[in-house]
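**Student:**
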Amino acid sequence: AYARAAELCGGRPLVIRTLDIGGDKSLPYYRFPEEENPFLGWRAIRVSLELRDMFRTQLRAILRASARGGVRVMFPMIVSLAELRDALALLEECKEELRRQEVPFDDRIPVGVMIETPAAVFMADELAAEVDFFSIGTNDLIQYLMAADRGNPNVAYLYQPCDPAVLRAIQAVIQAGARAGIPVGLCGEMASDAMLTPVLLGFGLERFSVSPSAILNTRREISRWSIQEAQEVAEHVLTLETAAEVAAYLA
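Just so you know, the sequence shown maps onto residues 31 to 281 in this note's numbering.
1. Just mark Arg-94 as buried or exposed, buried being the case when its beta carbon has 16 or more other beta carbons within 10 Å.
2. Taking DSSP as the reference, what is the three-state secondary structure of Arg-82?
3. What whole-angstrom Cβ distance do Phe-105 and Val-143 have, given they're in contact under 8 Å?
4. Measure how close the beta-carbons of Phe-238 and Ala-224 come, nearest whole angstrom, since I'm counting them as under 8 Å.
5. Give me, in chain order, the residues of the same chain whose beta-carbon lies closer than 6 Å to that of Ile-145; leave out the 5 immediate sequence neighbours on both sides.
6. Excluding the five sequence neighbours on either side, which residues of its own chain have a C-beta within less than 7 Å of the C-beta of Ala-206, listed in chain order?
7. From Glu-160 to Glu-275, what distance separates their C-alpha atoms?
8. Taking 8 Å as the cut-off, does the stretch 261-281 touch the stretch 189-200 (at least 3 CB pairs, one atom from each stretch)?
9. Expressed to the nearest angstrom, what Euclidean distance is found between the alpha-carbon atoms of Ile-92 and Asn-169?
10. Just list the residues that DSSP pairs Ile-166 with in beta bridges.
11. Who are the near neighbours of Gln-201 in its chain, counting only those whose CB is closer than 7 Å to its CB and skipping five residues on each side?
12. Hey, could you find the ends of the alpha helix (DSSP H) Arg-23 is sitting in?
13. Compute the beta-carbon to beta-carbon distance between Arg-90 and Leu-128, rounded to the nearest angstrom, for a pair I have assumed lies under 8 Å.
14. Using 10 angstroms around the beta-carbon of Ala-285, count the other beta-carbons present and answer buried if the total reaches 16, otherwise exposed.
15. Extract the residue ranges of the beta strand (DSSP E) inside the stretch 228-256, only unbroken runs of 3 or more that lie entirely within it.
16. Starting from Val-185, trace the beta strand (DSSP E) in both directions and tell me its first and last residue.
17. Could you name the residues of the same chain whose beta carbon sits closer than 6 Å to that of Arg-47, not counting the 5 residues immediately before and after it, in chain order?
18. Using C-beta distances below 7 Å, list every residue in its chain close to Ala-35, excluding the 5 sequence neighbours before and after it, in chain order.
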């Protein structure tokens with residue numbers, strides 16, 4: 031399946047995220063253990079690093095598909111250097127297995143991580159030194175920053191992409207990527223929010239990951255701004271103190 035996807039991309043970048051289950055993402059054929067708080071529990075890269083045979087199978091498949099060109103691998107919900115290095119070591123083991131079997135693959139396949147926890151934000155410079163790209167996962171990042179379950183209507187008012195804490199965290203990650211010379215993308219509903227487009231552009235974001243239905247609208251919104259105008263908006267936003275103030279200004 032990965033090889034077919036790579037062929038369809040025709041050499042253009044194909045980012046394959048490793049298994050990202052748990053929390054609000056379930057599998058019909060896999061029974062998760064009962065957890066009091068699954069969003070803070072066994073999910074994403076934590077599952078892969080424990081179920082290593084499964085993880086190796088996926089990594090080998092990604093590597094084999096990389097022989098078709100353009101393939102990149104991305105690890106979700108990384109929270110520490112130790113976790114990242116564990117995943118990278120397993121990737122190297124899979125590379126060595128394929129070398130011994132003389133199976134072709136891209137030996138320099140780009141590796142990225144998703145930045146979606148406060149821990150990853152604070153460690154962004156260190157993480158950037160060991161990978162080729164970042165993707166900021168805003169859906170999870172906002173709920174972890176604000177300690178507010180995005181599916182809970184009782185605390186929905188706290189789940190605010192306009193909150194200064196969220197915006198400062200995103201800016202910090204983009205700046206860490208710039209210092210390391212690696213590209214930073216942003217995904218989640220925030221990426222296609224037209225109100226926030228100038229802020230993200232002003233922060234230096236160059237890659238917006240949106241659903242297919244939002245591509246044209248997002249392109250149109252980006253085209254409305256010069257970088258200088260967007261930077262002026264972003265600079266002013268950073269002087270504001272509440273999500274309501276930010277939303278009112280951007281509106």
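The beta-carbon is built from N, C-alpha and C at its ideal position, and this holds for glycine as well.
Note that the coordinates shown come from a computational prediction; the quantities given were computed from them, not determined experimentally.
**Tutor:** If we stick to the structure as given:
1. Burial call: buried.
2. Reduced to three states, the DSSP call for Arg-82 is helix.
3. Confirmed, about 5 Å.
4. Actually they do not touch by this definition, with Cβ atoms about 11 Å apart.
5. Contacts found: Phe-164, Ile-166 and Val-203.
6. Counting only Cβ-Cβ distances below 7 Å, and skipping sequence neighbours, we find Ala-154, Asp-155 and Ala-158.
7. Glu-160 and Glu-275 have their C-alpha atoms roughly 37 Å apart.
8. With three or more CB-CB distances shorter than 8 Å, the stretch 189-200 counts as touching the stretch 261-281.
9. Approximately 25 Å between the Cα atoms of the pair.
10. Answer by DSSP bridge pairing, in chain order: Ile-145 and Leu-216.
11. Within the same chain, Gln-201 has close Cβ partners Phe-233.
12. Outside the displayed range of the chain (31 to 281) lies residue 23, so it cannot be described from this structure.
13. Rounded, the Cβ-Cβ distance is 7 Å, consistent with contact.
14. Past the boundaries of the shown model lies residue 285; the chain is included only from 31 to 281, so the question cannot be answered.
15. Whole beta strand (DSSP E) segments, 3+ residues: 237-239.
16. From DSSP, Val-185 is part of no beta strand (DSSP E); its letter is neither H nor E.
17. Hits under 6 Å: Met-104 and Pro-106.
18. Scanning its chain for C-beta atoms nearer than 7 Å, with the 5 sequence neighbours on each side dropped, one finds around Ala-35 the residues Leu-44, in chain order.
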